[in-house]
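So the sequence shown is numbered by the numbering used here: it starts at 315 and just counts up by one.
Structure first, then comments.
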Amino acid sequence: MAHKIRVSFLGEGEILPAIVHAVLKDCVIPPENIFLSDKDTAVKEQNLKQNVVFCPDDMDVVVKGEIVVVTAPTKLELGSALAPISGCTRGRIVIAICPDITCDYVLERVSGGTTVLAVKPVLDDSKKPVATLEFSEQFPPYMRTPCMDIVASLFEIL
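Encoded structure:
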């Protein structure tokens, strides 16, 4: 059964279109509760026939979501992706998907009052995508399952 929460997706790299596709395929979030940026052309083209909501800019995407999923292939690119939206993350959960990150790294780049789930993806020995999770302090227990379901749609959680 799909979680009835609003989720925004932003970022760089191959993970962004892959996780949006996986969340829709597994019916983790209803399409009408998924917010994407018009600027992410690969993601937009992939999801034009879905009932997802496209927003004109990244700020608009962020303010629509209770959860904001931000992807990047490197820490530097993650920092760049978080910079323009950092002022409007307060009260939201940010799921940051990037190799070699920590909650502290993300928390230093978002507004106070933001809750963070740091997802560190890797390929295992058989080239299967797996990830480790780090929850920030005071992560709301009732949001763990929806957040983990979003991540588990693409990665095996270790």
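No residue lacks a Cβ here, since even glycine has one placed at the ideal position from N, Cα and C.
Item to check | Cβ separation of I411 and I348, assumed to be a contact under 8 Å, to the nearest whole Å | outcome: Reading the sequence shown from its first residue, position 97 is the one you call residue 411. Reading the sequence shown from its first residue, position 34 is the one you call residue 348. Actually they do not touch by this definition, with Cβ atoms about 16 Å apart.
Checklist entry - Whose CA, out of V424, G401, P398, lies closest to the CA of I409? => result Position 95 of the sequence shown holds residue 409. When only C-alpha atoms are compared, the closest one is V424.
Next on the checklist: Could you compute how far the alpha carbon of E391 sits from the alpha carbon of Q452?
Outcome noted: Residue numbering aside, residue 391 sits at position 77 when the sequence shown is read from its first letter. Residue numbering aside, residue 452 sits at position 138 when the sequence shown is read from its first letter. Rounded to whole angstroms, E391 to Q452 spans 27 Å at the Cα level.
Checklist entry - Where do the ends of the alpha helix (DSSP H) carrying E391 lie? => result Along the sequence shown, one-based indexing puts residue 391 at 77. 389-396 is the span of the alpha helix (DSSP H), which, as asked, contains E391.
Item to check | Sufficient close CB pairs (3 or more, under 8 Å) joining the region 440-455 to the region 369-379 | outcome: no
Item to check | Span of the alpha helix (DSSP H), counted from its first residue to its last, around I464 | outcome: In the sequence shown, the residue the question calls residue 464 occupies position 150. Segment 455-466, the alpha helix (DSSP H) holding I464.
Checklist entry - Could you give the C-beta distance for E326 and T403, rounded to a whole number, given that I count them as a contact under 8 Å? => result Against the sequence shown, residue 326 aligns to sequence position 12. Against the sequence shown, residue 403 aligns to sequence position 89. About 17 Å; that fails the 8 Å criterion.
Checklist entry - Do you know whose CA, among L338, K378, V342, P460, lies nearest L362's CA? => result Translated into positions along the sequence shown, residue 362 becomes position 48. Measuring from the Cα of L362, the nearest candidate turns out to be L338.
Item to check | Rounded straight-line distance, which links the Cα of D414 to that of P344 | outcome: Residue 344 sits at position 30 when you count from the first residue of the sequence shown. Residue 414 sits at position 100 when you count from the first residue of the sequence shown. Each residue's alpha carbon lies about 30 Å from the other.
Checklist entry - Who are the Cβ neighbours of R406 in its own chain at under 8 Å, not counting the five residues just before and after it? => result The residue you call residue 406 lines up with position 92 of the sequence shown. Same-chain partners within the cutoff: V376, G379, E380, I381, V382, T428, T429.
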